[in-house]
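Heads up: the sequence lines are chains A and B, in that order. All you need for our numbering is the position in the first sequence, starting with 1, plus 10. All you need for our numbering is the position in the second sequence, starting with 1, plus 3. Below: one structure, written as structure tokens.
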Amino acid sequence: MQLAMTEKGDIVIISVEEERMDAHNSGDLKEQMLQLFDEGKCSLVIDLSTVRFIDSSGLGALVSGFKNASAREGSLKLCCLQPQVRSMFELTRLHRVFEIFTTQDEALASF
Amino acid sequence: MSKQVKVDITVPNQTKYLGMIGRIGESMAYSLKNYQGNRRELAYHLNLVLTEALANVICHANDFDPDKDVRVTISASDQDITIKVFDQGQGFDLETLAKLKARGSDEGGRGIQIIFKLMDQVRYIQEGGNNVLEMTKHLH
């Protein structure tokens with residue numbers, strides 16, 4: 011999975027540069043987030059602007075990151091969801107779990 | 004599309020084929036001549052259902068065994084679309100899985116739930132010595 015990382019102070023923005031997040035590649039994001047947590051970086055923004063398709067494995071990877079960040083007194087927030095990706099969060103009611111923002115700036119300002 | 008169109012494809016038991024099979028489902032949605040609903044949404048849903056069902060077989064029923072194959076058929080008519088995903092694994096109890104509800108903090112368990120939400124009929128049956136997850140979506 012192609013991931014681009016940018017640090018803004020204590021916050022790490024992970025941009026998922028893939029059209030699909032599914033059982034084939036979601037484990038890579040999960041591992042990357044665990045590595046960041048090990049480095050003490052527990053405030054994450056996941057930018058999904060490139061992602062057109064997400065399945066239950068992709069959602070599961072994000073839930074894993076959310077739980078691990080919260081357990082370390084950090085947080086994981088999402089931004090820039092395409093409409094069909096957003097609809098998946100609503101279908102699974104995960105929009106009630108995650109903080110979801112329209113832009114990166116809005117997500118960063120929420121910390 | 005007045006006559007039935009059927010796609011029958013077999014791929015190695017590897018997750019890298021999820022995208023390819025999902026896109027075939029999307030193409031089927033866009034090829035339906037008389038469908039009056041939201042075609043983009045249907046295409047996404049077929050992609051999703053195929054991805055979930057196939058991943059379930061590759062990762063669980065076939066236990067990532069690279070020597071196994073996965074067969075998928077997609078049949079479309081004016082009335083409905085039926086997807087069948089075949090496996091040679093131990094099988095599972097669909098009724099039990101259907102009753103499980105993934106909570107917000109659960110990482111897994113949403114795949115079958117998504118299939119049930121998006122398809123009108125879901126059955127797990129035996130066919131020709133294989134287990135078959137059969138999922139039907141009515142188009143009217």
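C-beta: ideal position from N, C-alpha, C; glycine also.
Roughly how far, in whole angstroms, is the beta-carbon of residue i from the beta-carbon of residue j, given that I think they are within contact range, below 8 Å?
i, j, result
"B/N16", "B/N59", "That pair is no contact at about 12 Å."
"A/L104", "A/L54", "At roughly 16 Å, the Cβ-Cβ gap does not stay under 8 Å, so A/L104 and A/L54 are not in contact."
"A/D32", "A/D65", "5 Å"
"B/D72", "B/V14", "7 Å"
"A/K40", "A/S74", "5 Å"
"A/V26", "A/L46", "The Cβ separation is near 14 Å, so there is no contact."
"A/T60", "A/E100", "Not confirmed; about 20 Å, so no contact."
Whose Cβ in chain B lies nearer than 8 Å to the Cβ of residue i?
i, result
"A/H105", "The contacting residues do not exist; A/H105 stays about 10 Å from chain B at best."
"A/L69", "R113"
Is it right to say residue i is buried, meaning 16 or more other beta carbons lie within 10 angstroms of its own, or is it exposed?
i, result
"B/V52", "buried"
"B/Y127", "buried"
"B/E55", "buried"
"A/L44", "exposed"
"A/N35", "buried"
Going along chain A in order, which residues have a C-beta closer than 7 Å to the C-beta of residue i?
i, result
"B/K120", "L101"
"B/L100", "Per Cβ cutoff of 7 Å: no residues; B/L100 is ~13 Å from chain A at best."
"B/E55", "D65, S66"
In the DSSP assignment, what residue or residues form a beta bridge with residue i?
i, result
"B/Y127", "B/L136"
"A/E17", "A/V22"
"B/D83", "B/H141"
"B/P15", "B/D72"
At 7 Å on the CB atoms, spell out the chain B contacts of residue i, in chain order.
i, result
"A/A33", "T18, L21, A58, C62"
"A/Q94", "Y47"
"A/R30", "G22"
List the residues of chain B whose Cβ lies closer than 9 Å to the Cβ of residue i, in chain order.
i, result
"A/S74", "E110"
Rank the options by C-alpha distance to the C-alpha of residue i and give the top, closest one.
i, options, result
"B/D90", "B/V75, B/A101, B/E98, B/D96", "B/V75"
"A/V22", "A/R96, A/L88, A/T60", "A/L88"
"B/D123", "B/V88, B/G131, B/D83", "B/D83"
"B/S80", "B/V135, B/S34, B/E29, B/R26", "B/S34"
"A/F108", "A/K18, A/S85, A/E116", "A/S85"
"A/K122", "A/S67, A/M15, A/E28, A/S97", "Here chain A comprises residues numbered 11 to 121, so residue 122 of chain A is not present and cannot be evaluated."
"B/R26", "B/L103, B/G131, B/L49, B/T85", "B/L49"
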